[in-house]
Amino acid sequence: MTPQKELLFLALGGSGEIGMNVNLYGADGKWLMVDLGMSFADPGYPGVDLVFADLEFIEERAEDLVGIVLTHAHEDHIGAVPYFAADLGVPLYATPFTADLVRRKLEEADLVGEVELNIIDHLDAFTPGGTGPFSVRYLPLAHSIAEGNAVLVETPYGRVFHTGDWKLDDDPQIGEPSTPEELTEIGDEGVLALVCDSTNVFNPQPSGSEGAVRKALDAEIAKHEGKRVVVTTFASNVARLQTLGQAAKDTGRQLCVAGRSLDRIIDAAQANGYLADFPDTVDFDTAMRLPRGEVLIIATGGQGEPRAALARIASESHPIELQKGDVVLFSSRQIPGNELQIGRIMNQLAQRQITVVTDRHELIHVSGHPGRPELEELYGWLRPQILVPVHGEARHMREQARVGKAAGIPAQVFQMNGDIVRLAPGKPGKIGETRTGRLVLDGDIIVPADGETIVERRRLAANGHVTVILPPKGSKAAPLLQPIGLPLDEDEADFLAEAQDDIRSAVAKLKGGKTKDRAAVQEAARLAARRAARRWSGKNPQVTVIDYYDA
């Protein structure tokens, strides 16, 4: 599809899920991409860490893509850049802090010379690609990272306010969000469509202020006099890092940082004018020599990541050591899907009588996404003609559409990944759809998430594997079997004996030409081995037959 004299919207990722945000706007034969994110794999993708949106639709139309505008530096908005930007061959646009983190990713991938990265250090409009129907300007909004931005997209058919991730915060600690007066002025000038974050729509309360978290963290850390305190938070939350640096000063503690992603974010933040008064940090050895009540440790791993600093601290395999009575503060929310691995770490800490404090105990974390009252305030300031919920599962987006309708927005468009929506001219709504899907980074190769490799690995993980080696022609030897991952335990020898007999019997029953058809012999052996495995283990394993038949 090529956009005609119209304004189109198409999400390739991030609509129907939280994460992996990839959004397209189309007008007058051209496309503009907003964000190019990824997600982290769940257990349904064994052996895989990263998941991407399938960009086939826009890859086939790359000559009509004018650029990629990045709203902020969270991985679900920029994480796919080093994997796809060079192939798309269009310029990137980002504000300084986001651009710094993107540049580091491109350096790691040896792509700096292959991707044009434009740093937008102002709030004036710019034209991605230098020409075309789109004029864009950044509008700062509060979020749990430095330089969270909405983008205002001007087109011949109306203006789109694309929020990115956002919240309202009257004491944000980092940055200066757009004021209600500035947003009202944009509304006065007219907004055709509001494309809006849906993450926290079910929260009936505002998300809360970073300033309130600072006071609560100060008070909580001060409670634990004489104890070693670890705080885990999202590495990208520069405002929280600012808060923790100040809390260390306020409570008379030296600061120690555990986690490479924290080091990277602190370095990038300071290079762009943030964390200017962040205290000097001490190394692990120094931290461990200090009196217990004189050190505050910031650690990665609040989502239960097994290789992160907190998991290693909890399992006593990290230079940072905790003992009975020490404290771990979870200054972060549980991302859905991570509950089990977070709980595992909390249980490890609890078994060692280390105190665990979360935002359910004290106000030591607030979300970076808007609750319902914040959504309603933004609606009132912008007064859009159309609401397009994004950045949420289907239930989140349906609910935001309902909230927007109750607030008086004239039209609400519910869409999912792959739905092609016409915003103007005429009545807004879905006009078609395109195939979307997921890709995964498997080792060093990007493959389809539903491809044979991943499907086979799921089967292996669920049911195990049996290798059958057929003896050479004329041999009286029994077939050899090697089961892997079957729950046989002490029954394995009996299983092997019975499976060998079953394979011999199955091959002996072949008639006529099939006795010399090695494919038929192999299939008879495979099915016999699988039936035996099912009888003995209740599993349906993958079976590989190796035939040493000497033709």
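Residue 109 is where the sequence shown starts when you use the numbering used here, and the numbers rise one by one after that.
Heads up, the beta-carbon is just placed ideally off N, CA and C, and yes, glycines get one too.
query, result
"Just to confirm, are I554 and Y191 a CB contact at a threshold of 8 Å?", "yes"
"Suppose contacts are defined by Cβ-Cβ distances below 8 Å. Is A181 in contact with T206 by that definition?", "yes"
"Determine the DSSP secondary structure at Y487, reduced to helix, strand or coil.", "helix"
"If I measure Cβ to Cβ from D599 and keep anything under 7 Å in the same chain, skipping five residues before and after, which residues do I get?", "W644"
"Which one of L578, R372, E328 has the shortest CA to CA distance from D358?", "E328"
"Should T239 be labelled buried (16 or more other beta-carbon atoms within 10 Å of its own) or exposed?", "exposed"
"Here's a check: name, in chain order, each residue in its chain whose Cβ is nearer than 7 Å to the Cβ of D658, leaving out the five neighbours to either side.", "Its pLDDT being 49, under 50, D658 is placed unreliably by the model, and the measurement read from it follows with that caveat. Contacts found: P580, K581."
"Among D655, V651, G620, E606, which residue has its Cα nearest to the Cα of G627?", "Per the sequence shown, residue 627 should be read as Ala rather than Gly. Of the candidates D655, V651, G620, E606, the one whose C-alpha sits nearest the C-alpha of A627 is D655."
"Where do the N-terminal and C-terminal ends of the alpha helix (DSSP H) with Q456 fall, by residue?", "447-459"
"Determine, using beta carbons only, whether P248 and E284 come nearer to each other than 8 Å.", "yes"
"State the beta-bridge partners of G55 as determined by DSSP.", "Only positions 109 to 659 of the chain appear in the structure, and residue 55 is not among them; the question remains open."
"Under the three-state reduction of DSSP, which class applies to F192: helix, strand or coil?", "helix"
"Evaluate A407 with the Cβ neighbour count: other Cβ atoms within 10 Å of its Cβ, from every protein chain shown; 16 or more gives buried, anything less gives exposed.", "buried"
"Of all the beta strand (DSSP E) runs that stay within the bounds of the segment 343-420, which reach a length of 3 or more residues?", "362-366, 403-407"
"Which value, in whole angstroms, describes the spacing of the CA atoms of L457 and L363?", "21 Å"
"In its own chain, which residues sit with a C-beta less than 7 Å from the C-beta of I450, not counting the 5 before and 5 after it?", "Q411, G412, Q442"
"Could you say if the segment 528-536 and the segment 261-277 meet the contact criterion of at least three C-beta pairs nearer than 8 Å?", "yes"
"Mapping DSSP to helix, strand and coil, what is D658?", "Bear in mind that a pLDDT of 49 at D658, under 50, signals an unreliable position, so the number given afterwards is only what the model happens to contain. In this structure, D658 counts as coil in the three-state DSSP scheme."
"Is any heavy atom of the ligand MG found at a distance shorter than 7 Å from the C-beta of Q630?", "Here there are no bound small molecules, and the ligand MG is not part of this structure."
"Since E541 sits in a beta bridge, which residues does DSSP pair it with?", "D527"
"Using the Cα positions of E470 and A324, report the straight-line distance between them to the nearest angstrom.", "7 Å"
"Counting along the chain, where does the alpha helix (DSSP H) carrying A233 start and finish?", "Here A233 belongs to no alpha helix (DSSP H), and DSSP marks it neither H nor E."
"Below 8 Å, can you find three or more Cβ-Cβ pairs linking the segment 345-359 to the segment 274-283?", "yes"
"Whose C-beta lies closer than 7 Å to the C-beta of G512 among residues of the same chain, with five residues either side of it excluded?", "Y487, L495, Q520"
"If you follow the beta strand (DSSP E) that I573 is part of, which residue opens it and which one closes it?", "The identity of residue 573 in the sequence shown is His, whereas the question assumes Ile. From DSSP, the beta strand (DSSP E) with H573 extends over 573-578."
"Based on DSSP bridge pairs, tell me the residues matched to D550.", "I553"
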